[in-house]
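Going by the working numbering, 343 is the number at position 361 of the sequence shown; the sequence numbering is gapless.
Working notes, structure below.
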Amino acid sequence: MAESLRRLVNIGTFSVLQEKLEKWLSDYYINSCDQNTARCCEIIELNAKVQGQLFKLLSLCAQEGGLYGGTNIIKSRLLPWLGQNFFTSGGALTADTSLSVLAEASAKERELNEMQTIYEKSLDELEVELRSTQAECQNLKDELQETKIELDRSLRSSTSDKMFTELEFNDLRRKLAEAEEENKALRAKAGLLNDYQSEVRRLREDIALLTTRRDVLSSMSRSPPQSPALSIKKTELAYSNGDDFISTYRYKPGLSSPLSIDDPVQRIRQQNYIARFNDMFAQDRLDAMDTLRRFSDDHENNQRIIFAAISEAFSAAKMEFRQFKMKTRANLAKTHYGPETLEEAVQDYINRNTDLVDVPGLVSDVIRALNRNPKIFLPPDTTYAIIQPFIREAVKLAWQMSSLAHPLDIAVASDAELFDDSKYGAFTVIGFIGFH
């Protein structure tokens, strides 16, 4: 008995019946007559099943009381209910009950009519709002079309203005190019004028020297004859003075020459390389020291390694640059005809091609030189390739310094001169003593 009751509770049939009633109520005004009738029949069938289960439980309860168990309760409560009118269409309803049911049906019908009226009224209002919204949309479309037309007109006018502006800009650019060409021509003429002035000064000095020499020779010819030995010494002295004169007049580059100390390329690159060297001393050197400190705790040895790397980088770069310059001179000598000298042509080519350097090869040469240096060391499982980025930057900077017409170089240092700022404080302005 208890197990059957527990199953009935777990099934939750009454909850399902209540949910179906609530759902029917929510959809009642939407469903048709046939749909509502089908819903009612479904609920009646479910109710009949529940009643069947309850009658089965009633039988089991009565059997647990024996032959006459529960007889009085059944007689007093169940039998009057199970009367003759139980299965009639009225369902044992009185006349008053029927009238109340009819009144409720009429009230529901009136309520349904009122709801339908309200729905139709709201629908009419929505239609009016829809027409108003459509009119507003049409107005917006018209405004958008007018704005588009105005925008196209503005675009065409701006395009025309832009075309005129581009024409003016091209005209100004052409005038600027002509002015630059004229400026270059004037600069070239100014350089030639300086060269002519230098040549005139040199010729005047030559004339003055030759005049002096002629006066000396003429005075010697008018003087009384002397001993042969003395005349030979004077002649040798005169010729030696002439040789000194000839040797003192060497080629002096003009202001526009790439070999000039005042050449803009020389001055600008010299300043940049000095600044880069100072940056290497201030930042790259410290980064390399930090890298070495992870493998070796000997601070002095790490300083020696950095110093040796810089020295070997400059040595390798200068040696490689000498070979590069010799090859360049040999190649240009075959096709060079002037007007500048061969050395000026070589330096001009070097200035234009400062990146023609085998950086990996120079880095390998520096590392091999460090491995041959007996004064520095690293742990057995470590190589000098750990500071390869620092060596690469040092090699590139050394090559660039060597490629100048007046090359830059690091100062000469003796052994054990390592980063003594107080000792070399007077020379730090040149930027090349920082590594010593």
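Glycine included, C-beta positions come from ideal geometry on N, C-alpha and C.
- About 17 Å separates the beta carbon of residue -1 from that of residue 18, a gap too long to meet the 8 Å contact definition.
- Counting the other CB atoms within 10 Å of its CB gives residue 267 a total of 16 or more, which places it among the buried residues.
- Using a Cβ distance threshold of 8 Å, residue 392 and residue 292 count as a contacting pair.
- Per DSSP, reduced to three states, the secondary structure at residue 14 is coil, with no helix or strand assignment.
- About 5 Å separates the beta carbon of residue 294 from that of residue 348, a gap short enough to meet the 8 Å contact definition.
- Under a 10 Å Cβ-count criterion, residue 161 is classified as exposed, with fewer than 16 other Cβ atoms of the shown protein chains found around its own Cβ.
- Taken through DSSP and simplified to helix, strand or coil, residue 391 comes out as coil.
- By the Cβ neighbour-count rule, residue 255 is buried, with 16 or more other Cβ atoms within 10 Å of its own.
- Between the stretch 321 to 334 and the stretch 358 to 365, the count of Cβ pairs shorter than 8 Å is below three; the stretches do not touch.
- Annotation: residue 278 to residue 378 spans about 27 Å, alpha carbon to alpha carbon.
- In the three-state scheme derived from DSSP, where H, G and I count as helix and E and B as strand, residue 359 is classed as coil.
- Between residue 299 and residue 288, the CB-CB gap reaches or exceeds 8 Å.
- Shown here, residue 9 sits in a helix according to DSSP, grouped into three states.
- Taking a C-beta distance under 8 Å as the contact criterion, residue 385 and residue 336 qualify as a contact pair.
- Sequence-distant Cβ neighbours of residue 6 in its own chain, meaning closer than 6 Å and more than five residues away, are 21.
- Taking the C-beta atoms as reference points, residue 324 is found no nearer than 8 Å to residue 338.
- Excluding its 5 nearest sequence neighbours in each direction, residue 129 has no C-beta neighbour in its own chain below 8 Å.
- In the three-state DSSP reduction, residue 243 falls in the coil class, being neither helix nor strand.
- Taking the C-beta atoms as reference points, residue 275 is found no nearer than 8 Å to residue 283.
- In this structure residue 380 is in contact with residue 296, their Cβ atoms being roughly 4 Å apart against a cut-off of 8 Å.
- If you compare the alpha carbons of 273, 38, 37, 118 with that of residue 364, the shortest gap goes to 273.
- Where residue 56 is concerned, there is no enclosing alpha helix (DSSP H), because DSSP gives it neither an H nor an E.
- As the crow flies, the alpha-carbon of residue 143 is around 19 Å from that of residue 131.
- The Cβ neighbour count for residue 116, taken over all protein chains shown within 10 Å, is under 16; the residue is labelled exposed.
- Close CB contacts of residue 258 within its chain, under the 7 Å cut and outside five residues either way in sequence, are with 379 (chain order).
- Between residue 25 and residue 2, the gap from beta carbon to beta carbon is short of 8 Å.
- Taking all protein chains shown into account, residue 372 has 16 or more neighbouring C-beta atoms within 10 Å of its C-beta and is therefore buried.
- Of the candidates 345, 382, 242, 86, 242 places its Cα closest to the Cα of residue 322.
- The continuous alpha helix (DSSP H) containing residue 268 extends over residues 267 to 275.
- Rounded to whole angstroms, the separation of the alpha carbons of residue 388 and residue 312 is 21 Å.
- In this structure, the straight-line span from the alpha carbon of residue 122 to that of residue 108 is close to 21 Å.
- DSSP, read as helix, strand or coil, puts residue 335 in coil.
- Apart from sequence neighbours up to five positions away, the residues of its chain that approach residue 352 with a beta-carbon distance below 8 Å are 287, 290, 291, 294, 358, 366, ordered along the chain.
- In the DSSP assignment, residue 321 falls outside any alpha helix (DSSP H) and carries neither an H nor an E.
- Across the structure, residue 38 and residue -8 are spaced so that their CA atoms are roughly 17 Å apart.
- Cβ contact annotation for residue 344 (same chain, cutoff 7 Å, sequence separation greater than five): 298, 299, 302, 377, in chain order.
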